[in-house]
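Residue numbers (my numbering): -14 to 94.
Here's the structure, in structure tokens; my notes come after.
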């Protein structure tokens, strides 16, 4: 009986994390991928045209804080006016999920 409860509680604890990760990936695909690319490297037509930085680079990841990332998602970029504000389109939880998703990008160096 105890092992069943352990298994059930483990599954319940893990399920939301998987769901949030999948939600963030879907949100990225819908809202961000066209410019930033599927992997954050900005190897897209718009990424190249607008000189969007490669978010998978370790130096970029280190230079940008979570607070700064969330600020740009919420209010747009002061460096590139084509990066729109999403504060009226995304919930705070969705913006936080995108920040966590961006942190998963790793360069293939």
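Glycine included, C-beta positions come from ideal geometry on N, C-alpha and C.
Owing to the predicted nature of the structure, the values given are computational and were not obtained by experimental measurement.
- Query: Can you list, in chain order, the stretches of the alpha helix (DSSP H) that have 4 or more residues and sit fully within the region 34 to 73?
  - Reply: Whole alpha helix (DSSP H) segments, 4+ residues: 43 to 48, 51 to 60.
- Query: Rounded to the nearest angstrom, how far is the Cβ of residue 43 from that of residue 92, given a contact under 8 Å?
  - Reply: 6 Å
- Query: When you compare only the Cα positions, how much space is there between residue 39 and residue 60?
  - Reply: Between residue 39 and residue 60, the alpha-carbon positions lie close to 20 Å from each other.
- Among residues of its own chain, excluding the 5 on either side of residue 81, which ones have a beta-carbon nearer than 8 Å to its beta-carbon? 55
- Tell whether a beta-carbon distance below 9 Å holds between residue 50 and residue 24. no
- Message: Please identify the residue among 27, 64, 63, 71 whose C-alpha is closest to the C-alpha of residue 16.
- Response: 71
- Message: Please return the same chain residues whose Cβ sits closer than 7 Å to the Cβ of residue 68, not counting the five positions on each side in sequence.
- Response: Excluding sequence neighbours, residue 68 sits near 57, 61, 62.
- In whole angstroms, what separates the C-alpha of residue 14 from that of residue 21? 10 Å
- Item | Reduced DSSP secondary structure (H/G/I, E/B, other) of residue 23 | Correct three-state label for residue 23: coil.
- Item | Beta-carbon contacts of residue 86 that lie in its chain and below 6 Å, excluding the five residues immediately before and after | 9, 13
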